[in-house]
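Reading through the structure tokens given below for one structure.
Residue numbers (this note's numbering), protein chains in the order written: chain A, 1 to 215; chain B, 1001 to 1258.
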């Protein structure tokens, strides 16, 4: 028999644990956007070493599973004498991993802009900084919104992986809850509801933003 | 009357890798004159036009605007500073085949943008000037529309307004009507005619032989990177001596007759 009581009661510990899910994915995307912008600038730089660095960054971080990256960071940092709280290591790793995808999203959006857009700006004598702030970025950011929301939703779900370094987010909390109640179905269903609710909200915000920024 | 520039092109060569796109081009355009560049596609006319404002970097020779070399500090020397190049480009308007309006801005913002960012004008003054320019091309009632809400002909007229608002002394047109539906060509050409009548120096890459015949002071025919001939419109379009021009015009007439 499905126990509605267990199902509803599971929400209390799981919602409490959701603060780590939100924290890790939220900070992950914010820092990831910043680092991703720098990596994207590197990838588009006229300076070859920067382009190589950006290409290596993207290749490694996209090519190695986030789970392995988390374990590497968690076990590697103490070896080289850096002791940071697990949460900091987790957020940092998620952000860096996300930056690889985000930089590619932005590079794609910027490259998708027709060359005529900047040629028109150059032809009237517009300086490079204005070309970027007035012509390129406003369009590239709007174009990249759907892909960025996608990435954020992926991050919310990927944040369950940070449980391996001992952070009690939704998935880890539901495992613990399932073990104490012996009712895994009810507990995991509650966890699924919470993930779904978070992601539906994000998708809604994304749609709203897209609508607002559309021309 | 506008203060119009002269253009002097001397021995200009342009290569794309091994491909010789412009071969020793010499051309002289007096202030206030309209020059049409015609010829088959791939003949180098757009490339030549784009060398005039250095959107395309020529490899050797000289392009002089009012006697001043554009793109290089000295002929065959190193490139001029990007700041100096930007200053020179301010007085050279350009209109593109694909309009290249900025889709995230209204017509008014498209025209005002350069005045604000490049000429350093206050927003209110820039918008007043932009409104004047849009009135001039007959779009006073479409200022708050985004480009996606305008027809091709209207978009191209906004693009012309964007260029003339900067008070250029030379206007470059790169196939301005080639992307337009036939019934929209006329409105763009009439704006260009009005501009020519004001005494603007204009260089126009075009397939509109009627415009070339009636408005141009000189017509230049190019083929395979060479300037074959440059002369009064009648001498090129009606009594061409060169067999290459005759063959080009024959094809043109065949295509346009029914």
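In this text, a Cβ means the ideal position worked out from N, Cα and C, and glycines have one as well.
What residues from chain A crowd round residue i, counting only those whose CB sits closer than 9 Å?
i               : result
residue 1096(B) : 116, 119, 120 and 123
Could you tell me whether the Cβ of residue i comes closer than 8 Å to any Cβ of chain B?
i              : result
residue 3(A)   : no
residue 190(A) : no
Starting from the beta carbon of residue i, find every residue of chain B whose beta carbon is closer than 7 Å, and list them in chain order.
i              : result
residue 134(A) : 1113 and 1117
residue 130(A) : 1117
residue 216(A) : This structure leaves residue 216(A) out entirely; chain A is present only between 1 and 215.
How about residue i: is its C-beta nearer than 8 Å to some C-beta of chain A?
i               : result
residue 1207(B) : no
residue 1055(B) : yes
residue 1166(B) : yes
residue 1100(B) : yes
residue 1244(B) : no
residue 1090(B) : yes
residue 1104(B) : yes
Which residues does DSSP pair with residue i in a beta bridge?
i               : result
residue 1020(B) : 1015(B)
residue 1205(B) : 1037(B) and 1174(B)
residue 1220(B) : 1037(B) and 1230(B)
residue 1069(B) : 1064(B)
residue 1007(B) : 1029(B) and 1065(B)
residue 1079(B) : 1072(B)
Following the continuous beta strand (DSSP E) through residue i, name the residue where it begins and the one where it ends.
i               : result
residue 1060(B) : 1060–1065
residue 1132(B) : Looking at the DSSP string, residue 1132(B) is not in any beta strand (DSSP E); the run it does join, the alpha helix (DSSP H), is 1123–1136.
residue 1229(B) : 1226–1231
residue 951(B)  : Beyond the ends of chain B as shown, which are 1001 and 1258, falls residue 951(B); an answer cannot be given.
Which residues mark the beginning and the end of the alpha helix (DSSP H) in which residue i is found?
i               : result
residue 42(A)   : 4–44
residue 213(A)  : 184–213
residue 1106(B) : That residue, residue 1106(B), is in no alpha helix (DSSP H); it is neither H nor E in DSSP.
residue 58(A)   : 48–63
residue 150(A)  : 137–158
residue 111(A)  : 86–112
residue 75(A)   : 66–79
residue 1256(B) : 1243–1256
residue 170(A)  : 170–181
residue 1164(B) : 1152–1165
residue 117(A)  : 115–123
residue 1101(B) : No alpha helix (DSSP H) holds residue 1101(B); DSSP gives it neither H nor E.
residue 1(A)    : Where residue 1(A) is concerned, there is no enclosing alpha helix (DSSP H), given that its DSSP letter is neither H nor E.
residue 1046(B) : 1045–1052
residue 1194(B) : 1182–1197
Legend entry - Contact residues within the region 138–151 of chain A, judged by C-beta distance below 9 Å to chain B: 138, 139 and 142
Legend entry - Selection of the region 1194–1228 of chain B by Cβ proximity to chain A, strictly under 9 Å: none
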